[in-house]
Amino acid sequence: MQIILETKDVVKRYNGLLALDNVSLRIPEGCIFGLIGPNGAGKTTLINAIISMTKIDSGEIMVFGQSLDTADREFKAKLGVVPQEIALYDDLSVYQNLDFFGRLYGLRGIKLKENIKEALEFVDLWERRNDSPKRFSGGMKRRLNIACALVHRPELVIMDEPTVGIDPQSRNHILASIRRLNENGTTIVYTSHYMDEVEQLCADIAILDHGRVIARGTKEQLADMVAVEEKLVMRLSGTSYTLLDCVKGVQGVKAAKLESNRLTVVSRIRINNINKIIDCVLDAGAIIEGINMERLTLGDVFLTLTGRSLRD
Amino acid sequence: MKLLTIIYYSALRNLKDRRMLLIMLIMPIILIAILGMALDSMFAPRQIEKSSVAYLNADIGPSSNQLTSYLASEQVRTFINVTPVTCFEAGQAALDSGSAEAFIYVPPDFSQNLMRTEGARIHLHTSLQTPLIKGFLSNYVDAQNSALVVTTMGAPLGFTYHDYFDEAAISLEGKAPRAIDYYSIQTLLQVMLMGGWYGISSVKDDGDMNTHVRLHTAPISPWTHLLGKVLANVVVLCLQSSVVVIFSKYVYGANWSGNALLIVSTLLVFSILTISIGFLMGGLFKESNKAFGALWCLMLFFSIIAGALGNTDMGKLARLSPNYYAKTALFGTIYGGSPDAIHSSILVLSLVTLTVFTAALALGRRITA
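Top to bottom, those sequences are chains P and A.
Sequential numbering from 209 applies to the first sequence in my numbering.
Sequential numbering from 931 applies to the second sequence in my numbering.
Structural data, given as structure tokens:
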């Protein structure tokens, strides 16, 4: 798959503080790439460097196969940016905002009108096109913020925490829109504080901390990096304490406990001993009413790798 | 086309700013009416004081005797004190010492030249505007020429007077502006300085609204962006000035006659200057409020020293204010002032504008880059 965005050993310092420390990433075309990290990890610095708002001290950034140092201005036409802060003209209507930004990308006439309609329908704001964004809720402004970045149909969209501070309904709407956008072939670089969003959306994730990429992979790969055990929880009826001895004897099981009707078994990972544990339960005459394999969430992985939660 | 887009939308945003519309349109219209009526008495014509003139008739012939008699007539003496002097140096000394406002000199060959084709000359030396003296002298010359034409039946003979001005300034005496005329110009210039706010907004707005990220990532050059904003602001300011001019002219009857091209040019240059000052303030101060405060102080200073508190003369201090040059050019154009004074005022204003504009572009380019 073609690489649409690549950073090679990017270094950026602010007054001696290392904001980006040899960041190297390769982002293939057509994916939703998640970039996560706690505050001050360097996410926004990296994004600003990619959109050439910030000059890097060393390294190289390639967008659409062109180095940012030598790329002509026209490469920007293929790039869309959804800034973290809402970036709209409050004194212009919704339509005028899109018309203005569309024209800056050289769109004119019917093409411009079509694109504006498409972008506004995409974020479900077409009916409100003549309204002023002043009257909009935070969620609607966020949606318009996205539409402004999409009006010129970019191939690569960089979204810097596009769902900050909005209600769950608007958030779900935005996430669904992003998925559709990606299905239509747009590559997306997505940063968020919300782990569940990144888990839901991103096939490929990088964790940034102290300006360095400390982990990179799919959600499962990241989990595997830090997981040393897994937890099996069963809801039972007709339990007997004798089953605990059987379960504890299964290969790989590190601990087992039975509390009321709930059996919790902790095993080493990749042992594949579930069948044997189930056999123990059934042999003890218990009935399995529910079974759940608790896997590490991205939040757990993040916490393990960085030693702090995402909002720290 | 992208430049036009920036001009159009920047101008549209400016015109949607109701607070600024209030300041730029409603405020001057009200102020002109209030000041024009309240201070009308300050501009009422004052009693004309007698002018003093030194006079030397060195003509060896008889033709100039009529001028001597004319200057001694009751009609002239009512307005002019004519003091004969014995030599040219004495006349010049009277002029230099200020005891005479003007020195009328009839050269020795006056009568002799009267019969020649080049004509005879009466010399008027003065460093002041002396419309009264010039008026009497012109009347005399016109009358004598008419008489000569009749007696010589069209022969190319006659005489003229020639005046020597050391300095020309705007002539307010005789056809002085009324309060409404004065404050139409003065208030307009004062309010136009507030147009600098558009410049400040242009520098600050995109940062405040975070749209600078979008503009930076759009395929447009920072120069296009900056130039678009400057032009949009100038267009809006000129539009607003035109509304005030038209309103004060047709509703209040303020005098805006004169060379329209010079008036428009002066207002255009002044618009560019005020917008550039705004860009400078926006670049120099981090916060919009501080930039606006600085602009406000500057506006007050410029307006006061240029005579905004009344038709006061602040002397050379006034020359520090761009309003002074715009005012001089406008009053000169409307009230028939010296073309030299008008042109030099516009020239100084243009040079100041060019300097501030260049500085504003350099600073603005750094900010919008």
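Beta carbons: idealized from backbone N, C-alpha and C, even for Gly.
DSSP bridge partner residues for residue i (one or two, in chain order)
i        : result
A414(P)  : L243(P) and R424(P)
G288(P)  : V365(P)
L213(P)  : I235(P) and V271(P)
S1178(A) : Note: S1178(A) sits in no beta bridge, so no partner.
K465(P)  : T472(P)
Y525(P)  : No answer is possible for residue 525(P): the residues shown for chain P start at 209 and end at 520.
Y1112(A) : Bridge partners of Y1112(A): none, in fact.
M403(P)  : For M403(P), which the question treats as bridged, DSSP gives no partner whatsoever.
V441(P)  : T472(P) and N500(P)
S266(P)  : V219(P)
L986(A)  : Y1035(A)
P1014(A) : Y985(A)
Length of the line joining the Cα atoms of residue i and residue j
i        : j        : result
V1181(A) : H1155(A) : 39 Å
I212(P)  : T394(P)  : 11 Å
I936(A)  : L1161(A) : 9 Å
E1031(A) : S994(A)  : 22 Å
N480(P)  : A463(P)  : 16 Å
I959(A)  : L1279(A) : 25 Å
W1226(A) : D307(P)  : 35 Å
S1041(A) : A1190(A) : 44 Å
T447(P)  : L471(P)  : 9 Å
A1073(A) : S1171(A) : 46 Å
K321(P)  : I962(A)  : 46 Å
R351(P)  : G373(P)  : 12 Å
R424(P)  : T1204(A) : 54 Å
L1247(A) : I1235(A) : 6 Å
I1034(A) : N1253(A) : 37 Å
Y449(P)  : R443(P)  : 14 Å
K284(P)  : P1149(A) : 5 Å
I294(P)  : H1142(A) : 11 Å
R343(P)  : L389(P)  : 26 Å
I235(P)  : L254(P)  : 14 Å
L1062(A) : A1290(A) : 47 Å
A1024(A) : A984(A)  : 7 Å
L1157(A) : L1198(A) : 16 Å
A249(P)  : H1146(A) : 24 Å
T1070(A) : L997(A)  : Note that residue 1070(A) is Tyr in the sequence shown, not Thr. Cα-Cα distance, rounded: 8 Å.
Presumed contact (8 Å Cβ cut-off) between residue i and residue j, rounded CB distance
i        : j        : result
A1109(A) : T1196(A) : Wrong, their Cβ atoms sit about 21 Å apart, outside the cutoff.
F1232(A) : W1127(A) : Between W1127(A) and F1232(A) the Cβ distance is about 15 Å, and since that is not below 8 Å, they are no contact.
I477(P)  : E438(P)  : 5 Å
A227(P)  : K216(P)  : Actually they are not in contact, since the Cβ atoms of A227(P) and K216(P) sit about 17 Å apart, beyond 8 Å.
V302(P)  : R337(P)  : 5 Å
L1230(A) : S1201(A) : Incorrect: roughly 19 Å between the Cβ atoms, too far for contact.
L955(A)  : V1174(A) : 7 Å
S940(A)  : S1132(A) : 7 Å
S232(P)  : V421(P)  : 7 Å
S400(P)  : E428(P)  : The Cβ separation is near 19 Å, so there is no contact.
I953(A)  : M1124(A) : 6 Å
Cβ shell of residue i (< 7 Å), same chain only, five flanking positions each side left out
i        : result
A1299(A) : At A1299(A) the pLDDT is 48, less than 50, meaning the model places this residue with poor confidence; the figure from the coordinates comes in the next sentence. Closer than 7 Å at the Cβ level, and outside the excluded window around A1299(A), lie P1152.
I482(P)  : L440
S982(A)  : N1011, T1013, S1029, A1030 and E1031
D375(P)  : G347
L1119(A) : F1200, N1253, A1256 and K1257
Neighbourhood of residue i by C-beta, 8 Å cutoff - its chain only, sequence neighbours within 5 removed
i        : result
M957(A)  : V1121
S1187(A) : I1264
Q459(P)  : I479, N481 and K484
Y1094(A) : Only weak support is given to the placement of Y1094(A): the predicted model assigns it a pLDDT of 48, under 50, and the question is left unresolved by the model.
L296(P)  : N305, P341, K349, L352, N353 and C356
N256(P)  : T262
K251(P)  : L243, I244, G245, D368, T399 and L416
Listed by chain order, chain D residues near residue i by CB distance under 9 Å
i        : result
P1252(A) : Given the protein chain composition of this structure (P and A), no chain D is represented.
Nonlocal neighbours in the same chain, by C-beta distance under 6 Å from residue i, ignoring five residues either side
i        : result
F309(P)  : C356 and V359
A1184(A) : I1110, D1111, S1114 and S1178
E363(P)  : K286
V1164(A) : S1201, I1202 and I1205
Quiz item: Taking Cβ-Cβ distances below 8 Å as the criterion, which residues of the segment 1116-1128 of chain A are in contact with chain P?
Solution: none
Self-check item: Residues from the segment 1255-1273 of chain A in contact with chain P, defined by Cβ distance under 9 Å
Solution: none
Practice problem: Name, going along the chain, the residues of the segment 943-969 of chain A whose beta-carbon falls closer than 8 Å to a beta-carbon of chain P. | Solution: R943, K946 and D947
Quiz item: What residues in the segment 334-367 of chain P have a beta carbon less than 7 Å from any beta carbon of chain A?
Solution: C356
Quiz item: the segment 282-304 of chain P: which residues have C-beta closer than 9 Å to a C-beta of chain A, in chain order?
Solution: E282, F283, K284, A285, L287, G288, V289, P291, Q292, E293, I294, A295, L296, Y297, D298, D299, L300 and Q304
Exercise. Would you list, in chain order, the members of the segment 1134-1145 of chain A that have their beta-carbon closer than 7 Å to a beta-carbon of chain P?
Key: M1139, N1140, T1141, V1143 and R1144
Quiz item: For the segment 1157-1169 of chain A, which residues have a CB atom closer than 8 Å to at least one CB atom of chain P, in sequence order?
Solution: Answer set for the segment 1157-1169 of chain A: empty.
Practice problem: Quick one: which residues of the segment 248-265 of chain P get their C-beta closer than 9 Å to a C-beta of chain A? List them in chain order. | Solution: N256, I259, S260 and M261
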